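Worksheet: the structure to be examined is printed underneath.
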Amino acid sequence: MQGRRAISMLNGVLWDQGISKANKKNIYNTVVKSIITYGSEVWQLKSRTENMLLATEMDYWRRSAGKSKREQITNDRVREIMGAEHIIVDDIRTKQLIWFGHVQRMPDHRIPKQILLWTPRGRNKRGRPRRSWRGGVDQELENREIPDDLWLNREEWRLGVGKRRGTF
Numbered sequence: 001m002q003g004r005r006a007i008s009m010l011n012g013v014l015w016d017q018g019i020s021k022a023n024k025k026n027i028y029n030t031v032v033k034s035i036i037t038y039g040s041e042v043w044q045l046k047s048r049t050e051n052m053l054l055a056t057e058m059d060y061w062r063r064s065a066g067k068s069k070r071e072q073i074t075n076d077r078v079r080e081i082m083g084a085e086h087i088i089v090d091d092i093r094t095k096q097l098i099w100f101g102h103v104q105r106m107p108d109h110r111i112p113k114q115i116l117l118w119t120p121r122g123r124n125k126r127g128r129p130r131r132s133w134r135g136g137v138d139q140e141l142e143n144r145e146i147p148d149d150l151w152l153n154r155e156e157w158r159l160g161v162g163k164r165r166g167t168f
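Residue numbers (full-length UniProt numbering): 1 to 168.
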């Protein structure tokens, strides 16, 4: 994962107590988060992927706070020490919803819109259907209590998508 490589390259900077928490937060938002979330608008977020992303994020915050796992400090406490307001998975889901609204507003002849509306022909395989990107987006719309047709108005869509889930 490219995010782990970036964090290991920044190791000396992160453990340096002379660099302020605000600067470390800015490094995270500008460098690390952009590397980790590159292309995440179209990912299918499975629980394994979410756990890997959260572990990578916590690796950064623990190094920045100068706290090792041996100190037995909870992840929430490390986030509180570093002033991290929300988790990376919520940022990815927000990016996915923004992309969904963007594609929905496209004219029907555009390829991304055709791909979004496309359904394959033929029979499904046996067993539980695989989780789709669209299913994840629909679930997130339901979690955030955003109406299905809000994407028609771009400004209202951006305001609605900006709401975070209340579970974290």
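Backbone N, C-alpha and C fix where the C-beta goes; we use that ideal spot for every residue, glycine too. Since the structure is predicted, the reported quantities are computational estimates derived from the model, not experimental observations.
- Contact fails between the segment 115–134 and the segment 58–72, because fewer than three Cβ pairs, one in each stretch, are under 8 Å apart.
- With contacts defined as CB atoms closer than 7 Å, aspartate 59 and isoleucine 7 qualify as a contacting pair.
- Serine 20 is positioned such that its CB atom lies no closer than 7 Å to that of lysine 95.
- The criterion of a C-beta distance shorter than 7 Å is not satisfied by glycine 83 and tryptophan 157.
- Under the 10 Å beta carbon count, isoleucine 88 is surrounded by 16 or more other beta carbons and is classified as buried.
- Scanning the segment 53–109 for uninterrupted beta strand (DSSP E) segments of 3 residues or longer gives nothing; none is fully contained.
- Here glutamine 17 has Gly66 as same chain residues with Cβ atoms under 7 Å from its own Cβ, once five neighbours each way along the sequence are excluded.
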